[in-house]
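Taking it in order: structure first as structure tokens, then the write-up.
2 protein chains.
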Amino acid sequence: MKMITREELIGKLKERGFKITPQRLAIVNVLVKRGHLHPGANLILEEARKKTERVSLSTVYATLGELSQQGLIKNLEFDQLENRCEVNLEEHINLVCKLCGKITDYHIPPSLEPKDIAREAGFIVTDARMEYYGYCRNCTTLPKRAHAGRQIQDENA
Amino acid sequence: MKMITREELIGKLKERGFKITPQRLAIVNVLVKRGHLHPGANLILEEARKKTERVSLSTVYATLGELSQQGLIKNLEFDQLENRCEVNLEEHINLVCKLCGKITDYHIPPSLEPKDIAREAGFIVTDARMEYYGYCRNCTTLPKRAHAGRQIQDENA
DNA sequence: TTTTCATTTCGGAATCATTCCAGTTTAGTA
DNA sequence: TACTAAACTGGAATGATTCCGAAATGAAAA
């Protein structure tokens, strides 16, 4: 499971015209070192501050937003819980424990059956969530559809 | 794609000791008729009120919570957007359009490759989200782990 | 090195979906 | 018809995230 490195992240930021600030460095450090924790904004803030850096929560959010826009990390949203971010961009399934909430990355190759996952990862699957994001037929077929500001809509009755 | 019926839903509620109130009926009606829209709390409120029912937003949330706890619907959470609920509980993938936001249910049987989905559903996949929820090894192995109130945690470094 | 300025950061206020709560109403039973 | 636990209401509270104007600063150019 290769993970993006500190240097790759910083390099990409620099190369795309972002300034390398102490705050961004601190945040990137946390992401690289604690990426497998799927940290949320507050944990990142805390950790970044431990490393004797001056950072604000606004900055953490801003930076996570930039990184995510740049496709360098991904955001996970949870019900009733602080969102988390995901540093590992390889295709995988997040195994979220309903008791302790631990999130484990499960890499897909071998098989896709819940039973197999249970067996291999010692995880009992009771519920699944799968979403593919992309572009629907309308939006790829219609000529230049003015998409009213990314409002979620749905097939009309 | 069979969908749960009004009668099934009401039957299950009654049989589990829930009172059948006009508010619950109105909400169930919306879910049954507009389930494929993946409606959010506000849409449900609006629709329920159209049918000349007196309902409050609190009640909509409460009822959705109950239905979801009873396993009769599912909740979908979205970034920056009102959550939606899902009435179709058959295993499927939600295809969420990044432009118009339309959500389409894609039923899994045939295959699982993004390319195939693109071809069959006219949907171009750029991003995937998959999560399995359940119980991790610790929580099934350890003897009666006092799980500190369902706080999300994670593997420690 | 200094100057310069667009970018970044800060922190406090604003937002907004969702939850909570205390008081009122009501479904369903006897 | 009366009774009571369950349900409903609306307004306040919550809490993560976003917004915003002002202050600070990276890094390119002089």
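Read top to bottom, the protein sequences are chains A and B.
No gaps in the numbering here: position 39 of the first sequence is 39 in the numbering used here, and each next residue is one more.
Residues are numbered in the numbering used here as their position in the second sequence, beginning at 1, plus a constant of 1000.
Think of the CB as a built atom: it goes at the ideal place given N, C-alpha and C, for glycine as much as any other residue.
| Check | Outcome |
| --- | --- |
| Interface flag, G1011 of chain B vs chain A, CB-CB below 8 Å | no |
| Three-way DSSP call (helix, strand, coil) for G11 of chain A in this model | helix |
| Three-state secondary structure assigned by DSSP to T141 of chain A | helix |
| Residue burial classification, E1008 of chain B (beta-carbon count within 10 angstroms, cutoff 16) | exposed |
| Cβ-based burial, K1014 of chain B [other Cβ within 10 Å; buried from 16] | exposed |
| Test item: CB-CB of V32 of chain A and L45 of chain A under 8 Å | no |
| Selected residue, minimal CA-CA separation from M1130 of chain B, among A:D116, A:D127, A:E120 and A:I93 | A:I93 |
| V1087 of chain B (DSSP reduced to helix, strand or coil) | coil |
| Y1132 of chain B: contacting residues in chain A (beta-carbon distance under 8 Å) | I93, N94, L95, V96, Y106, P114, I117, F123, V125, D127, A128 and R129 |
| Alpha carbon of K1050 of chain B to alpha carbon of R34 of chain A, nearest angstrom | 50 Å |
| Simplified DSSP state of H1107 of chain B, which is helix, strand or coil | strand |
| Neighbour flag for T140 of chain A against chain B, beta carbons, 8 Å | yes |
| Beta-carbon neighbours of R24 of chain A, restricted to chain B and to distances below 7 Å | Near R24 of chain A there are no residues of chain B at all, since even the closest Cβ is about 21 Å away, more than 7 Å. |
| Three-way DSSP call (helix, strand, coil) for L45 of chain A in this model | helix |
| Distance, E1047 of chain B Cα to S1068 of chain B Cα | 19 Å |
| Cβ-based neighbour list, Q23 of chain A, same chain, cut-off 6 Å, excluding 5 preceding and 5 following | V55 and T59 |
| Partners in chain A for C1085 of chain B, counting only beta-carbon separations shorter than 9 Å | Simply none; closest approach about 11 Å. |
| Cβ-Cβ distance between G1165 of chain B and D127 of chain A below 8 Å | Here chain B covers residues 1001 to 1157 and nothing more, so residue 1165 of chain B does not appear. |
| For I1027 of chain B and L37 of chain A, the rounded distance between their alpha carbons | 39 Å |
| Alpha carbon of T1063 of chain B to alpha carbon of I1004 of chain B, nearest angstrom | 17 Å |
| T1126 of chain B in three-state terms, based on DSSP | strand |
| Residue-chain proximity (T1005 of chain B, chain A), Cβ-Cβ < 8 Å | no |
| T1021 of chain B versus E1053 of chain B: straight-line alpha-carbon distance, rounded | 11 Å |
| For G134 of chain A, the three-state DSSP class (helix, strand or coil) | strand |
| Assigned exposure category for E1120 of chain B - 16 Cβ within 10 Å defines buried | exposed |
| Reference F1176 of chain B, options B:V1096, B:E1086 and B:R1016, closest by Cα | What is shown of chain B runs 1001 to 1157, which leaves residue 1176 of chain B out entirely. |
| Proximal residues to F18 of chain A (C-beta, below 8 Å), its chain only, five neighbours per side dropped | R24 and E66 |
| E1086 of chain B vs L1072 of chain B beta-carbon contact at 8 Å | no |
| Minimum C-alpha distance to C1139 of chain B - residue among A:K12, A:I103 and A:L57 | A:I103 |
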